[in-house]
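K.L.:
Residue numbers (mature numbering (1 follows the signal peptide of the UniProt record, and there is no 0)): -33 to -1, 1 to 722.
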């Protein structure tokens, strides 16, 4: 009986224990599912309240406490934006996001997304030599904030020899992580990361090279004798070498998180930087209320800080420019008169110029040349010719040069991994830039490629070699690079974007010695300087130019600096770039001329608010963002094309008669008692007039308004009419493009509004 009772008790105990374990497992599975379902969202709350008793962090925690289900505030809160604007990022479920969206004071909620990161000769080419006139004391007090992949503090470009202590206005810190030291040149560093990153990445130290390259291009010291394996040798320098740098690392091996980008803006503005450089962005346009760069740069603009931004690398397709808010300076990439090229020499003595930053010197003059079925024992012929991954037989290609047909130069990784000596890549698409490759390599077009293949077929033992790259003169420059993103502006069709172009091809600048110079896995070379291309390289050129202008005009608004750069830009030729202003904006940047533009188109936060109202943003949302409202009922809606912008644009309907008016206001920053007369270039499709035809100024900072009228019979599908308006007092030339265009029926401009 006792044993039976004990057995029953034991059975019951085991049953209860089993049920207990199942319950715990159920809870754990439920919690795990909740954790798995959580994603990072950015909760933007607009301006910081002015009440002295308001504590952002406490408010954010209280909000989360109200809506969280099964998780603690500590486990979910990622960033609290509390220095320059209001908001936070947190790990939330979809249900929690729904609860948040109904709460008062929430402007917008958007998911965390991944953005991607987008010089010896370049400054000289745009007329900005080393001995350009400067104001050293003011330049030394100028702080350039770089939001990127971090920085390599030991680079010669960031040495503080000869520098005094940081400017008194600096309120930032050096929080670069383990074994990271700032100095009197690199005065600040921060990094932003989420749990789960490798410990080696928890630092402001740049392991990719991108941030080091952009920072040194904008404001690096003069580094004599810089080169990439002897290629493009010269003095690498930034536009303002005496300026200070603050680095904000938001890009890691997985990309650049939007919540980190917004946190970097929050800090940079409060730290006291003068100019912000952002060479990263989305691959596609994003609505204004969901773009951290648009939001952050708006608050920067309100504090007098201009943000320079890369236009994107999705060209030459139209409507690909992603960074299109009017308060941003959006920069396209153009070529300089120095191109880096290498040469292919065939066994019959014929030579072909190719594109490639080839730092290798082959020991010998003739190496076996392979193509097609000579390179693979496993793949079909088309795959073998295209060097498809895993097709190349290592035993066949080792020590030989392989011809690869492809649509992208990224095919270079296949022969490299297979152990080939070199590769000749034949691309169908038009290309304008040279890349760094992990082995001797050259890009050639299909015309040259056919001749190389013809030689290969004509002899039993075809041989070739690839020579080390050299710098050559390019008389066609500047031309907008094919990769540079194009307009029309997908978000704001009446604002021409990009704004301006700057050197973005074959740019030599400082680099991280632990980063792969070719970004190809297995390329273990270590370099102090690298040659890169992209609008990422163009952006810091504009950043540096803007910083240079600001040293002479510290009281100018961001829009005034932007106007000076745009209206003094070098007019590029439409014959070289068919997309015209949609490719290069107002033209090639000229920092020296921008010091004395004569007149500027000035705009401030209220002007941009009116612009947003004209785009259809509602007063409630705008008030939350800017503490301003749109005109009440019955008031005239402000048309976006009437924003006081340095260029004039309007999208019109196909075939419909054109009857447009643009209003603008100029501020005199040249000389008192001056008269500017208007001159307009011609286009047969439109008639343009200005009223008044002359602007008479009696004093500095005086403002005068004018109206531009445009009439015409209508444009065909996808057609573009373009002229230039020039105001001149015979000393200053203030030039603005006027572009009227239609969108083709198969390509409609995308518009984004607040949700």
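Glycine is no exception: its CB is placed at the ideal position from the N, C-alpha and C atoms.
Kindly indicate which three-state DSSP category residue 354 falls into: helix, strand or coil?
P.N.:
The residue you call residue 354 lines up with position 387 of the chain shown. Three-state DSSP puts residue 354 in coil, outside helix and strand.
K.L.:
Quick check on the burial criterion: 16 or more other C-beta atoms within 10 angstroms. Buried or exposed for residue 141?
P.N.:
The residue labelled residue 141 in the question sits at position 174 within the chain shown. Under this definition residue 141 is a buried residue.
K.L.:
Looking at C-alpha atoms only, which residue of 172, 394, 659, 436 is the closest neighbour of residue 407?
P.N.:
Locating residue 407 in the chain shown gives position 440, counting from the first residue. Per the Cα distances, 436.
K.L.:
Spatial neighbours of residue 560 within its chain, please: CB distance less than 7 Å, with the 5 preceding and 5 following residues excluded, ordered by chain position.
P.N.:
Translated into the one-based positions of the chain shown, residue 560 becomes position 593. For residue 560, where only same-chain residues beyond five positions count, the Cβ hits under 7 Å are 535.
K.L.:
Using DSSP with H/G/I as helix, E/B as strand and the rest coil, what is residue 436?
P.N.:
Residue numbering aside, residue 436 sits at position 469 when the chain shown is read from its first letter. Coil.
K.L.:
Report all residues from its chain with a CB closer than 7 Å to the CB of residue 226; omit the five preceding and five following residues, and keep chain order.
P.N.:
Numbered from 1 along the chain shown, position 259 holds the residue referred to as residue 226. For residue 226, the CB contacts under 7 Å within the same chain, skipping 5 residues up- and downstream, are 7, 9, 45, 46, 56, 79 in chain order.
K.L.:
Kindly indicate the opening and closing residues of the alpha helix (DSSP H) around residue 385.
P.N.:
Indexing the chain shown from 1 puts residue 385 at position 418. Counting along the chain, the alpha helix (DSSP H) containing residue 385 begins and ends at 380 to 385.
K.L.:
Please name the residue in 387, 378, 5 whose C-alpha comes closest to that of residue 363.
P.N.:
Within the chain shown, residue 363 is the residue found at index 396, counting from 1. The candidate whose alpha carbon is nearest that of residue 363 is 387.
K.L.:
Classify residue 629: buried if its beta carbon has 16 or more other beta carbons within 10 angstroms, exposed otherwise.
P.N.:
Stepping through the chain shown from its first residue, residue 629 is reached at position 662. Buried, by the Cβ-count rule.
K.L.:
Here's a check: name, in chain order, each residue in its chain whose Cβ is nearer than 8 Å to the Cβ of residue 762, leaving out the five neighbours to either side.
P.N.:
Outside the displayed range of the chain (-33 to 722) lies residue 762, so it cannot be described from this structure.
K.L.:
With residue 555 as the anchor, note down where its beta strand (DSSP E) starts and where it stops.
P.N.:
Translated into the one-based positions of the chain shown, residue 555 becomes position 588. No beta strand (DSSP E) holds residue 555; DSSP gives it neither H nor E.
K.L.:
According to the neighbour-count rule (16 or more other Cβ atoms, all chains shown, within 10 Å of its Cβ), is residue 703 buried or exposed?
P.N.:
The sequence position of residue 703 within the chain shown is 736, counting from 1. Buried, by the Cβ-count rule.
K.L.:
Go to residue 528, then tell me how far its alpha helix (DSSP H) extends in each direction, as first and last residue.
P.N.:
For the purposes of this step, residue 528 is identified with residue 561 of the chain shown, where counting begins at 1. Per DSSP, the continuous alpha helix (DSSP H) segment holding residue 528 begins and ends at 525 to 534.
K.L.:
Are the beta-carbon atoms belonging to residue 500 and residue 431 less than 9 Å from one another?
P.N.:
Taking the chain shown and counting its residues from 1, one reaches residue 500 at position 533. Taking the chain shown and counting its residues from 1, one reaches residue 431 at position 464. Contact flag unset, no.
K.L.:
Which full runs of the beta strand (DSSP E) of 3+ residues lie inside the segment 90 to 162, going along the chain?
P.N.:
Secondary structure within the segment 90 to 162: the beta strand (DSSP E) runs of 3 or more consecutive residues, fully enclosed, are 110 to 115, 153 to 158 (chain order).
K.L.:
Note down the Cα distance separating residue 221 from residue 250, rounded to an integer number of angstroms.
P.N.:
The sequence position of residue 221 within the chain shown is 254, counting from 1. The sequence position of residue 250 within the chain shown is 283, counting from 1. Taking the straight line from one Cα to the other gives about 15 Å.
K.L.:
If distances are taken between C-alpha atoms only, which option among 196, 528, 470 comes closest to residue 299?
P.N.:
Residue numbering aside, residue 299 sits at position 332 when the chain shown is read from its first letter. The shortest C-alpha separation from residue 299 is found at 470.
K.L.:
Within 10 angstroms of its Cβ, does residue 701 collect 16 or more other Cβ (buried), or is it exposed?
P.N.:
For the purposes of this step, residue 701 is identified with residue 734 of the chain shown, where counting begins at 1. When all chains shown are included, residue 701 counts as buried.
K.L.:
Nearest to residue 301 by alpha carbon, out of 556, 154, 650?
P.N.:
In the chain shown, the residue the question calls residue 301 occupies position 334. Taking only the C-alpha atoms, the option nearest residue 301 is 556.
K.L.:
Hey, how far is the Cα of residue 607 from the Cα of residue 689?
P.N.:
Reading the chain shown from its first residue, position 640 is the one you call residue 607. Reading the chain shown from its first residue, position 722 is the one you call residue 689. Their Cα atoms are separated by approximately 19 Å.
K.L.:
Which value, in whole angstroms, describes the spacing of the CA atoms of residue 468 and residue 356?
P.N.:
Here residue 468 refers to the residue found at position 501 of the chain shown. Here residue 356 refers to the residue found at position 389 of the chain shown. Taking the straight line joining both Cα atoms gives about 37 Å.
K.L.:
I'd like to check one pair, residue 96 with residue 239: are the Cβ atoms closer than 9 Å?
P.N.:
The residue you call residue 239 lines up with position 272 of the chain shown. The residue you call residue 96 lines up with position 129 of the chain shown. In this structure, residue 96 does not lie closer than 9 Å to residue 239 by Cβ.
K.L.:
May I ask you to report which of helix, strand or coil DSSP gives residue 726?
P.N.:
The shown model of the chain, from -33 to 722, leaves out residue 726, and the question about it has no answer.
K.L.:
For residue 320, which option in 652, 270, 410, 297 has the closest C-alpha, if you only look at C-alpha atoms?
P.N.:
Taking the chain shown and counting its residues from 1, the one referred to as residue 320 is at position 353. Selected option, being the one with the closest Cα: 410.
K.L.:
Pick out whichever of 119, 597, 423 has its Cα sitting closest to the Cα of residue 494.
P.N.:
Along the chain shown, read from residue 1 onward, the residue named residue 494 stands at position 527. Measuring from the Cα of residue 494, the nearest candidate turns out to be 119.
K.L.:
Within 10 Å of its beta-carbon, does residue 81 have 16 or more other beta-carbons around it, so buried, or fewer, so exposed?
P.N.:
Sequence index remark: in the chain shown, residue 81 carries index 114 (1-based). Counting Cβ neighbours within 10 Å, residue 81 comes out exposed, since fewer than 16 surround it.
K.L.:
Return the Cβ separation of residue 112 and residue 215 in integer angstroms, given the expectation that the two are a contact with Cβ distance under 8 Å.
P.N.:
Your numbering for residue 112 matches position 145 in the chain shown. Your numbering for residue 215 matches position 248 in the chain shown. Correct: roughly 6 Å between the Cβ atoms.
K.L.:
Using 8 Å for Cβ pairs, my map puts residue 339 next to residue 351. What's the rounded Cβ distance?
P.N.:
As a first step, residue 339 is located in the chain shown; it is residue number 372 there, counting from the start. As a first step, residue 351 is located in the chain shown; it is residue number 384 there, counting from the start. About 6 Å; that satisfies the 8 Å criterion.
K.L.:
Considering only the beta carbon of each residue, do residue 670 and residue 634 sit closer than 9 Å?
P.N.:
On the chain shown, residue 670 is found 703 positions in, with the first residue counted as 1. On the chain shown, residue 634 is found 667 positions in, with the first residue counted as 1. Taking 9 Å as the Cβ cut-off, residue 670 and residue 634 qualify as a contacting pair.
K.L.:
Please list the terminal residues of the continuous beta strand (DSSP E) segment that includes residue 309.
P.N.:
Working through the chain shown from its first residue, we reach residue 309 at position 342. Taken as a continuous stretch (DSSP letters only), the beta strand (DSSP E) holding residue 309 covers 305 to 313.
K.L.:
What residue range is occupied by the uninterrupted alpha helix (DSSP H) comprising residue 574?
P.N.:
Residue 574 sits at position 607 when you count from the first residue of the chain shown. 572 to 581 is the span of the alpha helix (DSSP H), which, as asked, contains residue 574.
K.L.:
Any chance you could list the alpha helix (DSSP H) runs of at least 4 consecutive residues sitting entirely within the segment 388 to 423, in chain order?
P.N.:
Runs found: none.
K.L.:
Rounded to whole angstroms, what is the Cα-Cα separation between residue 719 and residue 254?
P.N.:
Here residue 719 is taken as the residue at index 752 of the chain shown, counted from 1. Here residue 254 is taken as the residue at index 287 of the chain shown, counted from 1. Its pLDDT being 29, under 50, residue 719 is placed unreliably by the model, and the measurement read from it follows with that caveat. When only Cα atoms are considered, residue 719 and residue 254 end up about 5 Å apart.
K.L.:
Expressed to the nearest angstrom, what Euclidean distance is found between the alpha-carbon atoms of residue 710 and residue 621?
P.N.:
Residue numbering aside, residue 710 sits at position 743 when the chain shown is read from its first letter. Residue numbering aside, residue 621 sits at position 654 when the chain shown is read from its first letter. The straight-line gap from Cα to Cα measures roughly 7 Å.
K.L.:
Taking the CB atoms as reference points, tell me whether residue 337 and residue 310 lie closer together than 9 Å.
P.N.:
Numbered from its first residue, the chain shown carries residue 337 at position 370. Numbered from its first residue, the chain shown carries residue 310 at position 343. No; because the gap between Cβ atoms is not below 9 Å, this pair is not in contact.
K.L.:
Can you give me the C-alpha to C-alpha distance between residue 552 and residue 463, rounded to a whole angstrom?
P.N.:
Residue numbering aside, residue 552 sits at position 585 when the chain shown is read from its first letter. Residue numbering aside, residue 463 sits at position 496 when the chain shown is read from its first letter. The alpha-carbon atoms of residue 552 and residue 463 are separated by roughly 7 Å.
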